[in-house]
Amino acid sequence: MHVLRPILIVALLLAFFLPGATHAASQPVTDGWEYRWGDSTFNDDGVPHWTLETDTGQWQGIGFPSNPPARNGRENVWYRVTLPAGEWQEPVLYIFSVDIIVQAFLGGELIYQYGTFDSRGQGSFEGWPWHAIPLPDGYQNEPIYFRVFSDYTDIGLWGEVSIMDRADLVLFILENSLKSLIVAGFSALIALLALVFSVLQTERKTFVSIAVFALSAAVMLVAESQASLLITYRPLLWDYLAAGSYYMLPVALALMLEQWLADHRPWLINLIWKLHLGYVVGAIGLALAGVVDLSSTFPVFDALFLVSIAAIGATVVRRFRHMLREQQVLVLTYGIFCGLLIADMAVAHGVLPWQRVPVSWGLLAFSLAVVVISLWHYARTHNALKRLAISLEQKVAERTARAESLARREQARVRMLTFENEKNRILGDMIAELQDCITLGQAFSLLGRVAPDLCSPLAGVLYRRSTARLYDPVASWGDSSEQSSMPRSLDASKGLPRPSNMPVRSGQAIPASSNGSSAGPLCFWINVESASEGVVTEGVLLLQYHGRCGTEEADYGLERLFSGLDQAIQRIGITLSSIALREELQKFSYEDALTGLKNRRYFDQLFEHECAVAQRGHLPLSLLVIDIDHFKHFNDTHGHEAGDRALQSVALTLQRQFRESDIVCRYGGEEFVVIMPGALTEDATERAQSLCDSVGDASVVFQGKDLGPITVSVGVACWPETGEAPEQLLSLADQALYRAKEEGRNRVSISKSKAA
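Using the working numbering, the letters of the sequence shown correspond one by one to residues 4 to 759.
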C-alpha cells in the first residue's frame, strides 16, 4: 500500500480542486449472473470441477449475485458470469463488498482470494473491504467463477460490480469517500471543542456526550469510507473501529437525553445507554477473543438499535416542549442522522435496493448545529475562563507545596509497591504456566527457569528430590562464589536444612538462618501432597543472604520479599500437589494394578489410534490375542492368589518378549493383547511362537512352591494381509485364538486372509 500513498495524495488534490475530473469510467457487470448452492470439489491440480463442467443444468439465473432463494442455512455458494469485452489499459474487476470470504477463478486458475478457506470450504470473518481483482489478458467473453462462504445473514457479492482501469479505481474510491472524510474531519474538530468545553464547564456534562457522539460518528465515517483502505490495507481493523464507533452512537444520545431530562427521572433512557454500553464491551470483547465473528454482532445491534430509537423517540416526544431551544435543535439534527442511519441499515439488510445513503450529511447537520450553539456559549465561557485563571493561580502554589511534600513521603512506598507488584506478576505468570504442566518433571523444569527472577536479588539454588533420600540441584543463580558455598546436593538421611522463620515487623533485623547466625542460607521447603505417599518434601529452595542491609527502608523491603516468598512457596506447593494428583490419577486410569501392564481402556484408545495411523500411512499392523490355557482349572486347584501369581508371571514374560515399540495390555481376566505397529505376519508369528515357548519353559512359583509350568494360546491377525479394515483385527485375532484352543491349545493360530 505504500506505493499507493503518492497516488492518494495526488488523487486527493484532484478530487478537491477538480471534482468533475474524478468521475471514473467503468463498465458495470450486471447481466448473465448465475448461482449454484454448495461447494465444488477440486482435482489434483487444485482446479475446481465446477469451473470445468460444461453441463449448465445445475446453474440458476439470478439478477445480482447476492442472497439466492432457498438458502435454508447453507453457507457455501458459487456465482459465475461472462465478462464483457472492453478497452482498458490495466483492467480490474471492482466489487463493493463480499459476505464474507471469496475466491475468484478465471480459465481454471485462481486469480484472487480474500480470506482463508479451510478443508471444508469454510473460514472466519476477516473484514468487509472493497475488492479490486486484476484481470489477465484475454479475459473478454470468458466466464469468471466466484466461490463464496458466509455464515452471515447475507451471502454473496454486494453493492457494485464493475470493470475499470486501476488508476480510475483510485479516483473512483476517493470520489465516493471525499465528502465523508471532510465531514468526519469537521466532526472530529467538534468533538475536540466539546471536550474543551466539558473541561472548562464541568457542570455542563452535555458536552461530554456531544464529544462522544461526534468522535464516534467521525471514526465511523472514516472507517466505513472506502478510502480508509488506501491509508492502510487492514480491513478487519477498520471494521472493528467502525463497529465500536457505530455501537457507541446510541450510548452518546441516551447519555445526553438523560442529562437533559434529569428532573423527570428517565429510567428508560438510563437503561438504554447502559444496555448499549454493555453491548459495545461484550460484542467487541467477544469478537477480539475469537468467541464470535465481528460480522455476527451487526444484525443483533441493528435490531437493538431500532428498538432503542423507538423507545427514545417516544420519550423525547412527550418531553420535547419542555427542552431548551438548543436541546431541541440538537435532538432534531440527531433525528435526521438516525433516519439516514436506519435507511443505510435497510440497504445493508436488503430491505431497500442498493444505493449510497448520505449518512455524512446527517452528521454534518448535527455538527453545524453544535458549532452554532458553541459560539453562543463562547462568550459566557470566556468570562468563566478569566475567573478560573485567577483561582487557578492561587491554588497552584498551594497544591505545588503540598504535592512536593506528598511526593517525598510516597517515593519509598512507590518503589516498594513497584517491587512487590513485579514479584506478584512473576508469581502469577509462574502459577498460570505451572497449571499447564502435565508432570512434576515439567513443573520443576519451569520452576528452575523462573525461580531466579522470583528470588532476585538473592542468589540461591533450587533442589528437587531425585531418590527417596537425595536432592539434586535443578537451577542455581547469583554470583559464582555464592553458588559455591551452597551444597552440591542434599541428603535427607543426614537431615535437610530446617525451614527459616520469616520476620514480619518493620525495622527488625532479618535473621539469615534459623540458628541465628549472621550469614547463611535461607531455607524453604516445597511440600507436595501425594495420594500414595502423603505429604512429601519434593523440593528445597536455599537463598543466600548476608546480614543486615543497614537501612530501615531496605530491611522493610527484604521483609516483604521474604514474606512474599513464603506465600509464593505455599501457592507453588498447592499447584504442584494438583499436578501430582492428576499425574497419579492418569497413571491409575491406564494401568492394571495386578500386572503393571496397560489396561483395556488404554488398549481401546491406542488401538483406534494405531489403526488410523496404519491406514493413513499404508503401514502394516499386527495384533496378538493371548489366553492362558486351563486358567480356571489352575485357579480352582491352586487358589486365586496363585492364579494372580500366574498372571504376573505371564505379564513379565510378555514384557521381555516384545519390543519397546510394541504395546502389551491386559485385556481382561486371563487374556492379554499385544499391538505390533509395523510388524508383518512372519514377524508377529515368530514373536508369538517365541512367547508360547518362553511361557511353557517357565514355572509358576508361589509361596516357595513350584506349581509347574502353564501354557498359552495365541491368535494372530495382521493388516493388510487379512484383507479387512484394520479395525477388524481384534475380531480376526480372537477367531484365530478360538481355533488354537480347538486344535489343542499351547499353539499359535494365524488369521487367514480374506482371499484364502
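Cβ atoms here follow ideal geometry from the backbone N, Cα and C, with glycine treated the same way.
- Annotation for leucine 258: Ser212, Trp276 place their beta carbon closer than 6 Å to its own, counting only its chain and skipping 5 residues before and after.
- For threonine 540, DSSP records a beta bridge to Asn530.
- Of all alpha-carbon atoms in Tyr38, Val186, Trp53, the one lying nearest the alpha-carbon of isoleucine 158 is that of Tyr38.
- As for any alpha helix (DSSP H) of minimum length 4 sitting wholly inside the segment 284 to 345, the runs are 300 to 322, ordered along the chain.
- Measuring C-alpha to C-alpha distances from leucine 86 to each of Gly49, Ile136, Ala691 identifies Ile136 as the nearest.
- Membership of asparagine 749 in any beta strand (DSSP E) is not indicated, and neither H nor E is assigned to it by DSSP.
- Secondary structure within the segment 682 to 755: the alpha helix (DSSP H) runs of 4 or more consecutive residues, fully enclosed, are 684 to 700, 732 to 745 (chain order).
- Here the C-alpha atom of serine 716 lies approximately 17 Å from the C-alpha atom of aspartate 686.
- Per the coordinates, the alpha-carbon of threonine 59 lies some 27 Å from the alpha-carbon of aspartate 154.
- The residue among Phe634, Leu584, Ile753 with its C-alpha nearest the C-alpha of threonine 714 is Phe634.
- In this structure, the straight-line span from the alpha carbon of phenylalanine 149 to that of alanine 217 is close to 39 Å.
- Pairing proline 712 with glycine 699 gives a Cβ-Cβ distance under 7 Å.
- When the five nearest sequence neighbours on each side are left out, the beta carbons in the same chain lying within less than 8 Å of the beta carbon of proline 238 are those of Glu129, Gly130, Trp131, Pro132, Leu232, in order along the chain.
- When C-alpha distances from isoleucine 577 are compared across Ser122, Arg604, Val538, the shortest belongs to Val538.
- In the three-state DSSP reduction, methionine 489 falls in the coil class, being neither helix nor strand.
- By the CB criterion at 7 Å, serine 190 and alanine 220 fall inside the cutoff.
- Per the coordinates, the alpha-carbon of arginine 123 lies some 18 Å from the alpha-carbon of aspartate 296.
- Put simply, of Glu532, Leu545, Gln618 the residue whose alpha carbon is nearest the alpha carbon of proline 476 is Leu545.
- Distance from aspartate 696 to serine 702 at the Cβ level is roughly 14 Å; contact not present, criterion being Cβ atoms closer than 8 Å.
- Straight-line measurement puts the Cα of glutamate 145 at about 53 Å from the Cα of alanine 314.
- The segment 67 to 75 and the segment 160 to 178 touch, with no fewer than 3 CB-CB distances between them shorter than 8 Å.
- Boundaries of the alpha helix (DSSP H) harbouring proline 455: 443 to 458, taken from the DSSP string.
- The beta-bridge partner set that DSSP reports for arginine 669 consists of Phe675.
- Setting aside the 5 residues that flank it on each side, arginine 169 is surrounded in the same chain by Glu93, Val95, each with a C-beta closer than 6 Å to its C-beta; the list follows chain order.
- Within the same chain, Ala645, Arg648 come within 6 Å of phenylalanine 705 by CB-CB distance, once the 5 residues on both sides are set aside.
- Shown here, glycine 576 sits in a helix according to DSSP, grouped into three states.
- DSSP places isoleucine 147 inside the beta strand (DSSP E), whose first and last residues are 146 to 152.
- A Cβ-Cβ contact shorter than 7 Å links proline 623 with glycine 681.
- Between isoleucine 272 and leucine 260, the C-beta spacing is below 7 Å.
- Listed as beta-bridge partners of proline 94 by DSSP are Asp168.
- For aspartate 607 and serine 469, the gap between their C-alpha atoms comes out near 34 Å.
- Of the residues assessed, threonine 209 falls on the buried side of the cut-off, its CB having 16 or more other CB atoms within 10 angstroms.
- Non-local beta-carbon contacts of tryptophan 241 in its own chain, meaning distances under 6 Å to residues more than five positions away in sequence, involve Ala226, Ser231 in chain order.
- Within its own chain, the residues whose Cβ lies closer than 6 Å to the Cβ of threonine 442, once the five positions on either side in sequence are excluded, are Glu586, listed in chain order.
- Beyond the five residues adjoining it in sequence on each side, arginine 659 comes within less than 8 Å, by CB distance, of Ser697 in the same chain, given in chain order.
- In this structure, the beta-carbon distance from valine 653 to valine 667 does not fall below 7 Å.
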